[in-house]
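The structure under discussion appears below in the form of structure tokens.
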Amino acid sequence: MKSFEWINARSVGEAVQLLATPPAVRDIDEAPRPIAGGQDLLTTMKDYLTRPARLVNLKTVRGLDRIEGNAKTGLRIGALVTLAQLEENPVVRRSFPGLAEAAHSIATPQIRNLGTVGGNLCQRPRCWYYRLEEAVCLKKGGSECFAATGENKYNAILGGGPSYIVHPSDLAPMLVALGASVSVNGGEGKKVIPLDKFFTLPSEGSIRRENVLKNEELITEIQIPASAFAGRSTYLKFKERESMDFALASVAAAVELQENKIIKQARLVLGGVAPIPWRVANAEKFLTGKSLSADVLTEVARLALEGAQPLEKNAYKIPLTQTLVRRALTQAVNGRV
Ligand SMILES: Cc1cc2nc3c(=O)[nH]c(=O)nc-3n(C[C@H](O)[C@H](O)[C@H](O)COP(=O)(O)OP(=O)(O)OC[C@H]3O[C@@H](n4cnc5c(N)ncnc54)[C@H](O)[C@@H]3O)c2cc1C
């Protein structure tokens with residue numbers, strides 16, 4: 492690991508100043524980085540993927556570790572709220588159950604005790620080639636995505652190219668489904684960004700980054716609006732190892748029902764299959780006014796994966812994700828059995 496300076500920030504403003512970089516170190520992997528729980532950043536530093544000369548500790552900034560609000564007002568979640576706090580919070584469990592499930596699905600209790608919501612949204616990809624120090628792939632300034640023709644079992648089937656990473660966060664698909672936004676503080680002050688505009692495809696934005704944040708910008712809070720569907724939200728994730736693993740595929744679903752369990756509106760976002768949380772608006776639209784039947788479930792699963800373009804070794808993700816879509820919707824409409 493490259494040696495680095497550690498500074499405990501006393502306020503968001505001070506952290507932003509400490510992260511501001513001269514043009515010579517604008518490269519995301521060389522620039523000063525904010526550190527929260529350190530569960531991802533420290534591993535990328537140990538593997539020499541990121542080489543910041545300065546870490547700015549956010550845990551010394553007060554007031555970013557609270558969950559406030561309820562089903563009627565919506566939720567405000569501080570960026571330093573830990574994943575454990577989120578999954579255990581009674582309001583989240585009762586009124587935003589899909590979010591509690593998504594938090595619970597992450598890693599291990601030890602990692603959830605330290606990892607934060609802000610860090611989870613900003614964690615870097617898990618692609619083998621990206622994580623391998625010796626492989627200078629597109630995401631690290633190289634000229635090739637080795638996954639495109641190499642070991643691509645875990646890579647993207649939707650929205651890929653020229654890089655085929657999948658976004659690793661389990662919170663992200665659920666938060667997008669719930670219509671969440673993030674508050675961001677940076678050199679130009681504070682702004683609010685809808686989460687579905689926060690993550691960037693490799694074919695958009697900078698291929699070296701996974702979101703719109705600049706080096707000196709910080710997430711300070713996540714806001715979830717009150718909605719008629721948050722109470723019927725659910726998150727299903729399929730992983731290779733039951734004990735602890737990233738999603739091979741996941742589905743965040745939320746529905747608002749009218750009488751006779753007819754769907755008034757639905758939210759459906761896929762995880763583990765694309766470089767960003769993948770919202771499937773055509774499938775959502777199809778569900779409006781329908782009640783679930785075997786035919787409806789088959790069709791919505793087909794629509795959700797309609798544009799999939801699997802690589803050589805990951806076509807299995809299509810039927811896997813379709814199964815999760817059917818199960819997640821059934822659970823959101825009928826409740827957990
Ligand atoms: C073994 C293992 C298994 C895991 N399994 C899963 C899993 O199944 N699902 C899943 O979703 N995640 C998983 N993770 C990732 C884990 O959830 C994240 O590493 C963790 O949530 C990151 O939070 P952190 O506070 O530790 O972030 P840090 O490591 O401190 O930071 C991560 C990144 O975010 C940036 N950052 C941190 N806070 C902010 C902020 N407020 N604003 C802007 N940038 C910020 C940092 O600079 C860094 O680039 C796993 C991690 C490990 C080590």
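First residue of the sequence shown? That's 492 in the working numbering, and the numbers climb one at a time after it. Using N, Cα and C, we set each Cβ at its ideal position, and we do this for glycine too.
Pairwise C-alpha distance: residue j and residue i
i    : j    : result
I753 : V760 : 20 Å
I684 : I713 : 10 Å
C613 : Q508 : 19 Å
R585 : A591 : 9 Å
D687 : I767 : 9 Å
W619 : T534 : 14 Å
A639 : Y645 : 11 Å
G798 : V547 : 41 Å
P659 : G762 : 8 Å
N825 : V608 : 29 Å
T779 : R758 : 10 Å
M735 : V516 : 36 Å
L541 : L788 : Before going on, a small fix: residue 541 reads as Thr here, not Leu. Looking at the two C-alpha atoms, the distance is approximately 43 Å.
A719 : T512 : 43 Å
G641 : S634 : 15 Å
I698 : F690 : 12 Å
F737 : G528 : 18 Å
S622 : A740 : In the sequence as displayed, the identity of residue 622 is Arg instead of Ser. Between R622 and A740, the C-alpha separation is close to 20 Å.
Where the alpha helix (DSSP H) containing residue i begins and where it ends
i    : result
V791 : A785 to A795
I602 : P600 to L605
K755 : From DSSP, K755 is part of no alpha helix (DSSP H) but of the beta strand (DSSP E) over I753 to G762.
T534 : L532 to K537
R545 : Run containing R545: none in the alpha helix (DSSP H); it sits in the beta strand (DSSP E), R545 to N548.
S724 : Per DSSP, S724 belongs to no alpha helix (DSSP H); it is in the beta strand (DSSP E), S724 to F729.
P588 : P588 to H595
Q508 : V503 to L510
Q576 : L574 to E579
The beta strand (DSSP E) enclosing residue i, as first and last residue numbers
i    : result
Q749 : A740 to Q749
P685 : G680 to P685
G569 : G565 to G569
E624 : Taken as a continuous stretch (DSSP letters only), E624 belongs to no beta strand (DSSP E), as it is neither H nor E.
T821 : T821 -> not in any beta strand (DSSP E); alpha helix (DSSP H) instead, spanning K808 to N825.
V675 : S672 to G677
N499 : E496 to N499
Pick from the options that is closest to residue i, judged by C-alpha positions
i    : options                   : result
R827 : D661, D687, G722 and E750 : G722
L727 : G677, F777, A668 and Q530 : A668
V675 : L649, E624, A663 and I710 : I710
R557 : V582, L540 and Y539       : V582
E708 : E505, F495 and M735       : E505
E679 : E701, R699, R732 and K705 : K705
A772 : S782, Q756 and T814       : Q756
R817 : E775, E625 and I519       : E775
L649 : L692, E624 and G677       : L692
D538 : M492, T573, K563 and V572 : M492
Residue-level contact to chain D via CB, residue i, 7 Å cutoff
i    : result
G609 : Checking the listed chains, one finds no chain D in this structure; it contains a single protein chain.
Own chain partners of residue i with C-beta closer than 7 Å, once the 5 adjacent residues on each side are dropped
i    : result
P716 : G565 and G670
F777 : E790, V791 and L794
T551 : N499, A500 and R501
Y655 : C636, A638, A639, N643, N646, A647 and L802
L510 : P523, P525, V547, N706 and E707
N561 : V582 and S586
Proximal residues to residue i (C-beta, below 6 Å), its chain only, five neighbours per side dropped
i    : result
E695 : none
A544 : F495
E559 : R567
Spatial neighbours of residue i in its chain, beta-carbon cut-off 8 Å, leaving aside the 5 residues before and after
i    : result
L532 : R524, I526, T541, L546 and G610
Q813 : A792, R793, A795 and L796
Within 5 Å of ligand 1: residues by beta-carbon to any heavy atom: R524, P525, I526, A527, G528, G529, Q530, D531, L532, A570, I597, A598, G606, T607, G609, G610, N611, C613, Q614, S660, D661, L709, I710 and F737
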